[in-house]
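Protein chains in written order, with numbering that gives the first Met the number 0: chain A, 0 to 285; chain B, 0 to 153.
Idealized CB from N, CA, C, for every residue including glycine.
Note that the structure is predicted; figures quoted are calculated from it, not measured.
Taking it in order: structure first as C-alpha cells, then the write-up.
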Amino acid sequence: MELDGFFTPENSDEVIELLAQFGDEALVLGGGTFIHSLAVRGLLARVRLIDLRNLALVGIESASAGVRLGARTRCAALARGPSEDGRWLGAVHDAARHLPLQVRNAATVGGCVAAASPFFDLPVAFMALDGVVGARGSNGIREIDIEALYLGLFENSLQQTEFIVSVTLPRMPAGSASAFVKFASNANDLAIVSAAARVTVDASGRCTDARVVIGGGVANRPWRSRAAEGVLQGATLGTDTLEAAGDAAASDVEPLSDHRASGRYRKAVAGVLVRRALTAALARVP
Amino acid sequence: MKQIVNIEVNGDVHEVAAEPRDSLLEVLRDHLGLVGPKRGCDGGGCGCCTVLLDGRAVYSCMVYVLSAEGSAVTTVEGLAEDGQLNPLQSAFVEAGAVQCGYCTPGMIMTATELLADGEDLDDDEIRHGIAGNLCRCTGYQKIVDAVQNVARNR
Ligand code: FES
Ligand code: FES
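Following this line, the structure appears as C-alpha cells:
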C-alpha cells in the first residue's frame, strides 16, 4: 500500500473537502483495524487517511425515540449490558462482546458499519434493530436505512463526499428483545455464520414483529431473511415455530464457499443459528 | 511524507517523525527500541504486540501511529517499579505461565486492563478477556492461574 498522506480535519466541512479532493484515494479512519487488515493483505492501492479524531462524534445518547451512537464510539462501549430496560438492545451487546478486547477497544461504530463486510458482527445486530445510519454530506445529514447501506462485499451506498456520523437504533416497544449468536473457528476469528434476532411479543404470547438477520458469508452483505420473519409474524413462538423459522432462513440464503467453510455447511449452520438467536431473544422478553 | 507525532510512552514524552503508514508497533520497536511488544503476525491476529493506549489494551500493530497523537502508551517495560517486577509479572513467573515468552508481554498488558477495574474475575472472564492473545506453549491454564492469583489477592 502506498499510504500517502494523513489528515486531521477540524470539522465536517473540512472532511468533505478532503473527500472531494482525493476521491477514491480517500479513506476515513475510525479505529483503523479494518483498514490495517486490508493493507497487510495488499488490498489497498494509494490511500490518504482522514482521521476524524477532532470531530466529537463520540458517545451513546439514549432518548425516548431510541439510542444514538456517535460514529467514533468505540465498540468496547457497547460490550456491557443489556440493562433491565435495554433488552431490546441485547443483540448489540452480544455482538460487541464477540470482538477480541484489543479490537473492540480500537474499532469504532462508524468504521465497522462503513466497512460493509458481511463477516462483521455488529452490523448484523444493527440491522436486526432497524438501525439508521446518519451520513454527513455537503447538504447536511442524510439518513440511510442500514439495509440500504449495503450494496455488496465491501461496498456501501455512501456518496463520495459523505461520511458516517452516527447509527441510531429506534426504541422498540414493550415486549421486545433481541440476541446475537456467532459461529466461528476460534474466539478471534470472523464469523463463519452469525445471526441476530429481534422479537416483539404481545400479552397473549403472539409475535407481533420480528427481524431475522444472518451474517458471516451467507451472502455478500448481512442478509435479512424475510422468509423467516414471515414464519414468525403473528405466530405463537413455540419450539416448532422457531425450528420452522430456522429452516426458512436456511432455504432463503445462497452462502459463499471459502477457506472457512463450504456454502452447504454455512446453509446448515444458518438454520441452527437462527433458531438459537430466536431462542435467546425470546428468553430475554420481560 | 513524514509527520511529527507526540506520544507519551511509559511516562516519557517522545516526539517522533513517522510516515502515515507506520504503526505504533513499528515506532515502539524500531524507533524507540522498546522490544517488549512483539511483532507476531503484524495483522491483528495474535496479540503479542498488545500495549495499553490511554489505559486500554490494543493491538499496536493495527494502530496508525499518527492517530495516536497526544496519547499515553504503556508497554511491558513500563510495569516494573524500581527495578522490581510488579505483582502481575511476578505472578506469571511464580505460576510458570511463561515458556518461550513470546506471547507474555502481550498477555500481561491485556491482563493489566482486565485487572484494572477492580471487579472480581472468574476464570471464564479471564479466558474470554485474553481470547485475543494466542499462546502456542502453555495451554493457557497457567496464564489464567497467574491472572487469577493477582485478582484474588488485590
Ligand atoms: S502482531 Fe499485532 S496482533 Fe499479531
Ligand atoms: S509462552 Fe510461548 S507462546 Fe506463550
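Supposed close pair residue i, residue j - CB separation, criterion 8 Å
i, j, result
"A/V217", "A/R265", "6 Å"
"B/T109", "B/N132", "5 Å"
"A/G69", "A/L56", "4 Å"
"A/R135", "A/V164", "5 Å"
"B/L113", "B/G100", "The Cβ separation is near 20 Å, so there is no contact."
"A/T72", "A/V108", "5 Å"
"B/C48", "B/C102", "With a Cβ gap of about 10 Å, B/C48 and B/C102 do not count as contacting."
"A/V66", "A/L43", "Wrong, their Cβ atoms sit about 33 Å apart, outside the cutoff."
Distance between residue j and residue i (C-alpha atoms, nearest Å)
i, j, result
"A/D144", "A/F153", "17 Å"
"B/M106", "A/A38", "25 Å"
"A/T235", "A/A64", "28 Å"
"A/S256", "A/G215", "11 Å"
"B/L52", "B/V4", "15 Å"
"B/Q83", "B/G77", "11 Å"
"A/D120", "A/S193", "7 Å"
"B/L24", "A/G139", "38 Å"
"A/L170", "B/K1", "The residue you asked about is not Leu; residue 170 of chain A is Arg in the sequence shown. Cα-Cα distance, rounded: 46 Å."
"B/G35", "A/R259", "33 Å"
"B/G54", "A/P172", "38 Å"
"B/K37", "B/V50", "10 Å"
"A/D246", "A/S261", "18 Å"
"B/V186", "A/G29", "Nothing about residue 186 of chain B can be reported from this structure: the residues present for chain B run from 0 to 153 only."
"A/Q232", "A/S224", "12 Å"
"B/L120", "B/Y139", "16 Å"
"A/A226", "B/D41", "42 Å"
"A/A19", "B/D11", "39 Å"
"A/D12", "A/S156", "20 Å"
"A/V271", "B/R151", "39 Å"
"B/C134", "A/T207", "48 Å"
"A/D239", "B/T137", "45 Å"
"B/E93", "A/K181", "36 Å"
"B/I6", "B/R28", "14 Å"
Pair within 8 Å by beta-carbon distance, residue i and residue j
i, j, result
"A/R96", "A/A78", "yes"
"B/P104", "B/V75", "yes"
"A/A190", "A/F179", "no"
"A/A209", "A/V198", "yes"
"A/A249", "A/A276", "no"
"B/S66", "A/G31", "yes"
"B/V72", "B/V15", "no"
"B/L31", "B/H13", "yes"
"A/P99", "A/I49", "no"
"A/V27", "A/F118", "no"
"A/L54", "A/N10", "yes"
"A/E24", "A/R40", "no"
"B/A56", "A/N187", "no"
8 Å Cβ shell around residue i - same chain, five flanking residues per side excluded
i, result
"B/G43", "Y58, C60, M61"
"A/V284", "R86, G174, S175, A176, V198, V200"
"B/A79", "N85, Q88"
"B/D21", "Y63, V64, L65"
Identified DSSP bridge partners for residue i
i, result
"A/G262", "Looking at the DSSP assignment, A/G262 forms no beta bridge with any residue, so it has no partner."
"B/C99", "Per DSSP, none; premise fails for B/C99."
"A/D129", "None; A/D129 has no bridge partner."
"A/A113", "The partner list for A/A113 (beta bridge, DSSP) is empty, contrary to what the question assumes."
"A/L26", "A/L48"
"A/A176", "A/V198"
"A/P169", "A/G65"
"B/Q2", "B/A17"
"B/Q83", "B/E80"
"A/L148", "DSSP output for A/L148 lists no bridge partner at all."
"B/S66", "Answer is none; B/S66 lacks a bridge partner."
"A/K181", "A/S193"
Neighbourhood of residue i by C-beta, 7 Å cutoff - its chain only, sequence neighbours within 5 removed
i, result
"A/A127", "A90, S177, A195, A196, R197, R210, V212"
"A/E242", "R274"
"A/R278", "The sequence given here has Thr at residue 278 of chain A, not Arg. So the qualifying residues of the chain are L241."
"B/G95", "K141"
"A/G151", "N219, R220"
"B/A17", "K1, Q2, V4, V26, V64, L65"
"A/S116", "F153"
"B/I125", "L113, V143, V146, Q147"
6 Å CB neighbourhood of residue i in its chain, flanking five on each side removed
i, result
"A/I15", "S137, T160"
"A/A114", "F33"
"A/G130", "I145, V166, L168"
"A/P122", "V112, P221"
"B/A90", "A145, N148, V149"
"A/C74", "A95, L98, R103, A106"
"A/L148", "V132, N155, S156"
"A/F21", "R47"
request  = Would you list the residues whose beta-carbon is nearer than 7 Å to any heavy atom of ligand 3, in the order they occur in the chain?
outcome  = Absence of ligand 3 from the depicted structure is noted, with ligand 1 and ligand 2 being the only ligands included.
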